[in-house]
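Visitor:
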Ligand code: ADP
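Residue numbers (the working numbering): 202 to 547.
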């Protein structure tokens, strides 16, 4: 296993800068998720780490050894890495066991050792009962487990995963998220995992790297990223939020007629508050940040209710418990608890 270090990585395709000065230090044995919207440069960053492409500037070190520099990259086959793609790329004419053995045979290990390693891997990945089936006889989730087992069998220094679950249906995807984390806890390979799905990142990652337009917006543990977003982009992308913008004065942002007191963050002209942290009431509660509003939209979403409230200058989304039922057109009061309001600079 090895640490992976990206230092000042830049990559452009023509006029489009896809990686715009990426600095990232991944610890030995850590699982890091690159998370961001489509087109923000996640896959390009992964391909740079894999050695499929070379950076225009900056360098990549793996285990302290420089493998990529400007215009130069040690090719993938010379890096001890395994990569898993969206399409599992299993060999259709090989059984599960033969697929898992493939990389080991390529490395010309003695056949007794191949057999032992394959068997151990099939056991961990819970694939033993399927060992003699062909990929065409497996479900999507099972195929993905084979792809993982095949990648792990060669004991890579680094494991790279590119949207590995995006071809699975919702239930399977959820199950496989836990599976990937379980396998990581078992093997502790240094892992870089690309996804646009925040739940996938939160379930699997030790740390999440939120990317936006070729840059890193924020790096932190899943809790850090959700509870302490440092920008409007991160607050919106992870968990969703309401953004109120105005002029700053002390611990207040004046957004039109609304004076919003905040207690989280470092200051700035933006206040962020999550929909589920806003309170709704029919009579005005005491204290600051209480504003009258009108219910514009009510949506029943199973365990909760989702409201859009008109506050005059702005509209705000509120998610409440089921018991709080207001019809569209109702006059209500919203309370934005100051200890849930986070001030942001950008
Ligand atoms: P993500 O994985 O976050 O969806 P990508 O890294 O795949 O994003 O792509 C980032 C941007 O770079 C996109 O606008 C994409 O169209 C562009 N891009 C990626 N690869 C190439 C390429 N080989 N040639 C030209 N443009 C590319």
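Ideal Cβ positions, reconstructed from N, Cα and C, are used throughout, including at glycine. Given the structure is predicted, the values throughout are model-derived calculations rather than measurements.
Taking only runs of the beta strand (DSSP E) that begin and end inside the stretch 430-499, which ones reach a length of at least 3 residues, in chain order?
Guide: Whole beta strand (DSSP E) segments, 3+ residues: 443-446, 448-450, 453-456, 459-462, 471-474 and 480-482.
Visitor: Look at the alpha carbon of residue 475 and the alpha carbon of residue 519, and state the distance between them as a whole number of angstroms.
Guide: C-alpha separation (whole angstroms): 8 Å.
Visitor: Between the beta-carbon of residue 492 and the beta-carbon of residue 509, is there less than 8 Å?
Guide: No. Outside cutoff.
Visitor: Scan the stretch 309-346 and note each continuous alpha helix (DSSP H) run of 4 residues or more that stays entirely inside, going in chain order.
Guide: Counting only runs of 4 or more, we get 312-325.
Visitor: Going by DSSP, what residues sit across from residue 411 in a beta bridge?
Guide: Looking at the DSSP assignment, residue 411 forms a beta bridge with 236 and 419.
Visitor: Could you tell me how far apart the beta carbons of residue 544 and residue 471 are, in whole angstroms, since I believe they sit closer than 8 Å?
Guide: Indeed they touch by this definition, with Cβ atoms about 7 Å apart.
Visitor: Examine the ligand ADP and report whether any of its heavy atoms sits within less than 7 Å of the Cβ of residue 214.
Guide: Under cutoff, so the answer is yes.
Visitor: I'd like to check one pair, residue 411 with residue 435: are the Cβ atoms closer than 8 Å?
Guide: Yes, these two residues count as a Cβ contact at 8 Å.
Visitor: Nearest to residue 486 by alpha carbon, out of 390, 537 and 445?
Guide: The shortest Cα separation from residue 486 among 390, 537 and 445 belongs to 537.
Visitor: So, using beta-carbon positions, are residue 390 and residue 336 closer together than 8 Å?
Guide: No, they are not a contact pair.
Visitor: When the Cα atoms are used, what is the spatial distance from residue 459 to residue 497?
Guide: C-alpha separation (whole angstroms): 19 Å.
Visitor: Going by the beta-carbon positions, is the gap between residue 232 and residue 392 smaller than 8 Å?
Guide: Closer than 8 Å, so yes.
Visitor: Which class does residue 514 belong to by DSSP, given the choice of helix, strand or coil?
Guide: Three-state result, residue 514: coil.
Visitor: So residue 205 and residue 250 are supposed to be a Cβ contact under 8 Å. How far apart are they, rounded?
Guide: Confirmed, about 6 Å.
Visitor: So, helix, strand or coil for residue 506, using DSSP?
Guide: Residue 506: strand per DSSP, three-state reduction.
Visitor: For residue 549, which residues of its own chain have a beta-carbon under 6 Å away from its beta-carbon, when the five flanking residues on both sides are left out?
Guide: Missing from the structure shown is residue 549; the chain here goes from 202 to 547 and no further.
Visitor: Spell out the partners DSSP gives residue 212 in its beta bridges.
Guide: Its beta-bridge partners are 220.
Visitor: On a Cα-Cα basis, can you pick out the residue from 286, 210, 282 and 296 that is closest to residue 261?
Guide: The residue with the shortest Cα to Cα distance from residue 261 is 210.
Visitor: Which residues in the same chain have their Cβ closer than 8 Å to the Cβ of residue 334, if we skip the five residues on either side of it in sequence?
Guide: Taken in chain order, the residues that qualify are 296 and 297.
Visitor: Could you tell me if residue 526 is buried or exposed, where buried requires 16 or more neighbouring beta carbons within 10 angstroms of its beta carbon?
Guide: The residue is exposed, with fewer than 16 neighbouring Cβ atoms inside 10 Å.
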